[in-house]
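The listed protein sequences correspond, in order, to chains A and B.
Position 206, counted from 1, in the first sequence is what the numbering used here calls 206; the numbers after and before it change by one each time, with no gaps.
Just add 358 to the spot in the second sequence (first one is 1) and you have the numbering used here.
Backbone N, C-alpha and C fix where the C-beta goes; we use that ideal spot for every residue, glycine too.
All values reported here derive from a predicted model rather than from experimental measurement.
In what follows, a structure is listed as structure tokens, so that the remarks can point back to it.
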Amino acid sequence: MLEVLPAASSALARELAAERRALAGAPHDLARAAALGWRYVEAGRSDGDPRYAGLAEGAIAPWLASARPPAEALLLRATLRQNRHDFAGAERDLAALLARDPRNAQAWLTRAIVAKVRGDFALAQASCVPLLRLADVLSATTCLADVASLSGRAAPAERALAAALERAPAAPAAQRQWAHVTLAEIRERRGDARGAEASYQAALALARDAYTVSAYADFLLDARRASDALALLGDDRRADGLLLRRALAERALLAPGRQATQRELRARFAASRLRGERLHAGEEARFALAFGDARDALCLARENFALQREPRDVRVLLEAALAARDASAAQPALELLATSRLEDARLGALAARVRSSR
Amino acid sequence: MTRARWLLALGLALGVPLAAHAHKASDAYLSLAVDGANARGQWDIALRDLELAVGLDADADGRIRWGELRARRSAVDAYALSHLRVTAAGRACNARVASHQVDAHTDGAYAVLALEIACPDDAALALDYDLLFALDPQHRGLVRVSRGGEIASAVLSPAQPRLALTSPSRWRAFTDYAREGVWHIWIGFDHVLFLLCLLLPAVVRRSEGRWLPVARGRDAALDALRVVSAFTLSHSLTLALAALGVVALPSRWVESAIAASIVLTALDNLRPFLPARRSAIAFGFGLVHGLGFASVLAELGLPGGARALALVAFNLGIELGQLAIVAAFLPLALALRRSALYPRALLAGGSLAISVLASVWLWERALGA
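Here you go:
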């Protein structure tokens, strides 16, 4: 046998194949093409396979080629662009779409996320607000609390989010999970380890996804609980992000096989670079910090920071600047901390070390 | 539907990038080695992508086996070749798949197609690539083309589906090889010293065991011209024969013979014993020096399709370098020829020093020390 196809056993693969064939028979059916595109996005999310993002784009490619792509195609493309970290492209699509259809809740939400990731908290907040009208209270509150906690209002954000969760016990699991993870991160930044862990576990009890597992694994690694982190990660080696946490945990435990994990990650980063992509610059920077050269790590962290400015991006830039003894390189991160009034106990301590090393 | 998508948006809200997973996005790896109007290459295409494009999993059990791939081999070839257009100056080249293998990449098994490409000529080569783009616009063709020591690489995408190699410039090749020729004569001390040995006696003549200055400068210049022409003629001859593969001698013999030719010519300047005129000596030993030049050219390699041109350019470079040496030496020798020092210090002393040095070379080269 040469190759096992993904999701070989699942009904999903057969369903997607059937939908593909149906679309081939009706190549001008936008609704059918967009439906298949979203199915691919969904498959990519559950399966963790980026090939699905390409296939989703392929499904709606004929409509994207037009001068004024239909709203349905724009929304899908914005989502795919966000996945590829083409944040500027995603924002263009969302702006065009919202100008046409200002009641599109999903477009507002996606725009809020993109703005938050880029560190534009004002735009992120402005994009969360319409969700109060267009979506449910829990989603809107989570969106707003997330942004508020990053811009100097962590304590009221935590209170509001916890209250919203209590008031919406019957909300869909995915929405509750998102709220729990957001709450966990807010509590972690505020130094409430016990509360954060309870929220991470509540989130994982609802659904296990790569983001929550990564965030919780980072929490455990920071708490010097590498064996707990390893147990959390399980056997899944497919996601680069999870494999990175595994490598860090294995290093802390001097576990056998840790070199093989490092080699595999290195090969994956190299393969991604060959495509001319740097989707993983932040994770690659962390990898270089732990297993490679501090100068390389700093280059990657700066490259990453030019694109993404979430707390984890701030952190890797500060750490890389310290390791490379180049405090001035951390200036953009220090500026973000100062202007956003981001409250994060760990980042504050790191920033103080960077400032005193100058 | 709406609800499913809303949940999806939340998934994205959680920042799970689809690309952050082990299975990477779709890539194919195409490498070509161009030699003149032909090229050989290797094209690695993921079995998963081929399954999508042409269908490999005949029994639909989610597993691809050797037999299934073999059975679809011609469909795979037809699909791949119909999505790669190779042209030379706009005219289509003929590509075929010579053999098949399977190789493992970080994200799974790949079919490896060995390509053989024949073009109408070796002019401007271009690749137009659109494998899988219709199905997956995020597919990338990672292309690497090597041609005569130069390497071009590109990541081909729907936005940039073409890799055009600049046509090998004839003029550029000509000047490159001419420069190499000049350079080689300048750094090739043995050739310079041989030439000096030949030229040292040009401004004097031997009469009753003594060296007398040549009366007329013009006669000396003509003599030098005859000697240099004979040397040029003979080394051009053997250079061409060796470069075109007609003659092949072990380089150790050639290098030793070159050293010996210098020793003999230098000793002949001290006390003539070679039974021939200077121009005849220059011609005879020039044959050996030509073989030496050829070994340099063999290291450089002749560009496919422009062999003759490069050979002429390299030879021309050698002659130019040689001419510069003559132009520097001859006026000086002419000016000094009436001095009593010339025969003793320059002719005898110089030749003695050269013969000693060349003897050392001969010793080293013959013994391989």
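Check: Under 8 Å Cβ-Cβ, which residues of chain A neighbour Trp497 of chain B?; Outcome: According to the sequence shown, residue 497 of chain B is His rather than Trp. Within 8 Å Cβ-Cβ: Gly54.
Check: Is the region 534-550 of chain B touching the region 92-108 of chain A, taking contact as three or more C-beta pairs under 8 Å?; Outcome: no
Check: DSSP state of Arg505 of chain B, grouped into three classes?; Outcome: strand
Check: Could you please give me the residues that DSSP links to Ser511 of chain B through a beta bridge?; Outcome: B:Arg502
Check: Tell me which residues share the same chain as His379 of chain B and place their Cβ nearer than 7 Å to its Cβ, disregarding the 5 neighbours each side in the sequence.; Outcome: Confidence at His379 of chain B is low in this model, with a pLDDT of 33, below 50, so its placement is unreliable and no value can be given for it.
Check: Go ahead and label Ser227 of chain A buried or exposed: buried means 16 or more other beta carbons lie within 10 angstroms of its beta carbon, across all protein chains shown.; Outcome: exposed
Check: Have a look at Thr339 of chain A and Ala285 of chain A and give me their C-alpha separation to the nearest angstrom.; Outcome: 24 Å
Check: I'd like to know if the region 488-508 of chain B and the region 416-426 of chain B are in contact, where contact means that at least 3 CB-CB pairs between them fall below 8 Å.; Outcome: no
Check: Say whether chain B places a C-beta atom closer than 7 Å to the C-beta of Ala345 of chain A.; Outcome: no
Check: Does any residue of chain B bring its CB to less than 7 Å from the CB of Glu335 of chain A?; Outcome: no
Check: If you run the structure through DSSP and keep just helix, strand and coil, what is Arg346 of chain A?; Outcome: helix
Check: Write down every uninterrupted run of the alpha helix (DSSP H) in the region 529-604 of chain B whose length is 4 residues or greater and which is fully enclosed by it, in chain order.; Outcome: 547-557 and 575-601
Check: First and last residue of the alpha helix (DSSP H) that includes His647 of chain B?; Outcome: Arg636 to Leu658
Check: Along the beta strand (DSSP E) that carries Gly728 of chain B, what are the first and last residues, could you check?; Outcome: Because chain B is modelled from 359 through 727, residue 728 of chain B falls outside the range shown and cannot be assessed.
Check: Who are His458 of chain B's beta bridge partners in DSSP?; Outcome: B:Leu471
Check: Mark Phe121 of chain A as exposed unless 16 or more other C-beta atoms lie within 10 angstroms of its C-beta, in which case mark it buried.; Outcome: buried
Check: Check Asn104 of chain A in the structure and name its three-state DSSP category.; Outcome: coil
Check: Determine the chain A residues that contact Arg406 of chain B at a beta-carbon separation under 8 Å, and present them in chain order.; Outcome: Glu3, Leu5, Pro6 and Arg51
Check: Quick one: residues in its chain with C-beta nearer than 8 Å to the C-beta of Leu439 of chain B, no 5 flanking neighbours on either side, listed in chain order?; Outcome: Ala453, Arg454 and Val455
Check: Find the residues of chain A that neighbour Ser384 of chain B, judging by a C-beta separation of less than 7 Å, and give them in chain order.; Outcome: Arg51 and Gly54
Check: Which value, in whole angstroms, describes the spacing of the CA atoms of Leu390 of chain B and Ala154 of chain A?; Outcome: 57 Å
Check: Applying a beta-carbon distance threshold of less than 9 Å, which residues of chain B neighbour Ala13 of chain A?; Outcome: Gly420
Check: At a cut of 8 Å, does the region 633-649 of chain B reach the region 516-523 of chain B through at least three beta carbon pairs?; Outcome: no
Check: By the 10 Å Cβ neighbour count, where 16 or more other Cβ atoms means buried, how is Leu725 of chain B classified, buried or exposed?; Outcome: exposed
Check: Between Arg275 of chain A and Ala383 of chain B, how many whole angstroms is the CB-CB distance? I'm expecting something under 8 Å.; Outcome: 7 Å
Check: Could you tell me how far apart the beta carbons of Ser139 of chain A and Leu131 of chain A are, in whole angstroms, since I believe they sit closer than 8 Å?; Outcome: 6 Å
Check: Classify Asp313 of chain A as helix, strand or coil using the three-state DSSP reduction.; Outcome: helix
Check: Could you work out which residues of chain A lie near Arg423 of chain B, taking near to mean beta carbons separated by less than 7 Å?; Outcome: Met1 and Leu2
Check: From Val684 of chain B to Arg584 of chain B, what does the alpha carbon distance come to, in whole angstroms?; Outcome: 12 Å
Check: If you follow the alpha helix (DSSP H) that Leu243 of chain A is part of, which residue opens it and which one closes it?; Outcome: Asp240 to Leu253
Check: Enumerate in chain order the residues of its own chain whose CB-to-CB distance from Glu310 of chain A is below 7 Å, with the five nearest sequence positions on each side excluded.; Outcome: Val117
Check: For the beta strand (DSSP E) that contains Arg153 of chain A, what are its first and last residues?; Outcome: Segment: none, Arg153 of chain A is in no beta strand (DSSP E) and carries neither H nor E.
Check: If you measure beta-carbon to beta-carbon, which residues of the region 467-481 of chain B are closer than 7 Å to chain A?; Outcome: Ala467
Check: Let me know the alpha helix (DSSP H) ranges lying completely inside the region 685-723 of chain B, each 4 residues or longer, listed in chain order.; Outcome: none
Check: Helix, strand or coil: how does DSSP classify Ala624 of chain B here?; Outcome: helix
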